[in-house]
Amino acid sequence: MLITELKSFYAVARAGNVTRAAQQLGVSQPTVTGQLKSLEARYGLELFHRRGRALQLSEDGRRLLPMAEQLVQKELEIAFHLRDASALSHGSLRLGLTGPYYLMPVIARYRAQFPGISLSLSVANSQSVLQALRDYQLELASSSVRAEGPELHRVTLARDDLRLAVRRDHRLARRGNVHLADIAPETLLQREPGSMTRKVSERLLERAGVQPAEILEIANREAIIQAVVHGLGCCLIPAHEAPPHPDLVCLDIADADIQTEEYLYCLKERMQVQSIARFLELVTPLPDH
């Protein structure tokens with residue numbers, strides 16, 4: 001209420017009378033008169049000296065005028081900022097990814113359409129990115145965990161078969177495909193706890209009754225690939241996450257009957273935020289199983 005009254009005061013002070021001020025504000029003359037009287041009555045001040053239809057600023061009115069002008073200018077700045085932000089000409093978007101493979105094409109299109117939006121990408125395991133999303137540290141999170149919760153909006157990005165990645169001179173490298181039992185004599189390189197790829201791998205091996213000769217835990221997907229290339233062991237990896245490398249061979253697993261899935265999440269309460277909504281529009285989701 002005070003802001004509206006101050007805007008009327010400012011308009012009258014600039015226009016010199018209520019009639020012109022009302023026209024500029026797009027309201028009726030009685031509305032402006034009522035707002036002035038309400039402002040003066042609330043604080044026990046006389047802001048104008050009235051001489052017929054002409055109004056002259058009092059001493060209190062002259063002191064108030066520059067402050068009211070600042071208020072009106074600040075309101076215009078805020079309105080401009082909000083219009084600008086809704087047009088996505090500036091702002092930021094923070095994404096947490098378990099891997100860059102599925103979302104990078106979408107990110108590239110988003111950046112091309114909205115170059116004013118500053119993008120921040122962080123890579124971590126599923127557990128970490130989902131917690132960061134819930135803590136408002138991210139706007140969007142991709143994860144291979146199928147998380148449930150009334151606060152989450154989820155779309156399915158991809159489904160992927162697991163492959164066995166080995167060095168090109170490995171004993172299995174020339175086979176067309178392998179079986180889970182072939183992993184038993186091997187050193188299996190696994191992600192850290194919290195990784196969905198690790199959980200799926202452990203479930204597959206347990207169902208097949210396979211226990212690798214040794215398990216070496218490495219907390220980074222890229223480091224695992226380098227470890228495979230340098231002959232430290234083999235790893236199970238979603239097909240689309242295997243990078244092209246001359247020393248890396250990825251083999252089909254004939255009896256692997258579980259697929260990994262990748263999901264994109266945001267908080268439902270934030271879906272109407274323009275920067276988030278426009279990103280979601282660029283995603284082509286798969287049917288939810």
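Per UniProt numbering, the very first residue in the sequence shown carries number 1; after that it's consecutive. All C-beta atoms, glycine included, are put in the ideal place defined by N, C-alpha and C. These numbers come from a predicted model, not from an experiment.
Run of the alpha helix (DSSP H) containing residue i, from where it starts to where it stops
| i | result |
| --- | --- |
| Arg-198 | 196 to 208 |
| Cys-25 | Here residue 25 is Leu; the residue named in the question, Cys, does not match the sequence. 18 to 25 is the extent of the alpha helix (DSSP H) around Leu-25. |
| Arg-109 | 104 to 113 |
CB of residue i within 8 Å of CB of residue j, strictly
| i | j | result |
| --- | --- | --- |
| Ser-275 | Glu-139 | yes |
| Ala-158 | Leu-267 | no |
| Leu-45 | Asn-17 | no |
| Thr-197 | Ile-237 | yes |
| Ala-256 | Leu-204 | yes |
| Ala-242 | Arg-163 | yes |
| Tyr-136 | His-240 | no |
| Ala-187 | Leu-232 | In the sequence as displayed, the identity of residue 187 is Thr instead of Ala. Yes. Within cutoff. |
| Ser-128 | Gly-194 | yes |
| Leu-71 | Ile-3 | yes |
| Arg-109 | Leu-119 | no |
| Ile-225 | Arg-191 | no |
| Ala-165 | Leu-248 | yes |
| Gln-24 | Glu-5 | no |
Three-way DSSP call (helix, strand, coil) for residue i in this model
| i | result |
| --- | --- |
| Arg-42 | helix |
| Leu-2 | helix |
| Val-273 | coil |
| Phe-48 | strand |
| Asp-247 | coil |
| Leu-257 | Residue identity differs from the one stated: residue 257 is Asp in this sequence, not Leu. In the structure shown, Asp-257 sits in coil (DSSP, three-state: anything other than H, G, I, E or B). |
| Pro-212 | coil |
| Pro-287 | coil |
| Gly-231 | coil |
(message) If we require 3 or more residues per run, which beta strand (DSSP E) segments fall completely within the segment 135 to 200?
(response) With a minimum length of 3 residues, the continuous beta strand (DSSP E) runs that stay inside the segment 135 to 200 are 140 to 143, 152 to 167, 187 to 190.
(message) I want to know whether the segment 123 to 141 touches the segment 259 to 273 - three or more CB-CB distances under 8 Å.
(response) Contact between the segment 123 to 141 and the segment 259 to 273 is present, because at least three Cβ pairs lie under 8 Å.
(message) If contact is defined by three or more beta carbon pairs under 8 Å, each pair taking one atom from either stretch, is the segment 149 to 157 in contact with the segment 177 to 195?
(response) No: the two stretches stay apart, fewer than three of their Cβ pairs being nearer than 8 Å.
(message) Closer than 8 Å is the cut-off here; do at least three beta carbon pairs connect the segment 62 to 73 with the segment 92 to 101?
(response) The answer is no - the segment 92 to 101 does not touch the segment 62 to 73, with fewer than three Cβ pairs under 8 Å.
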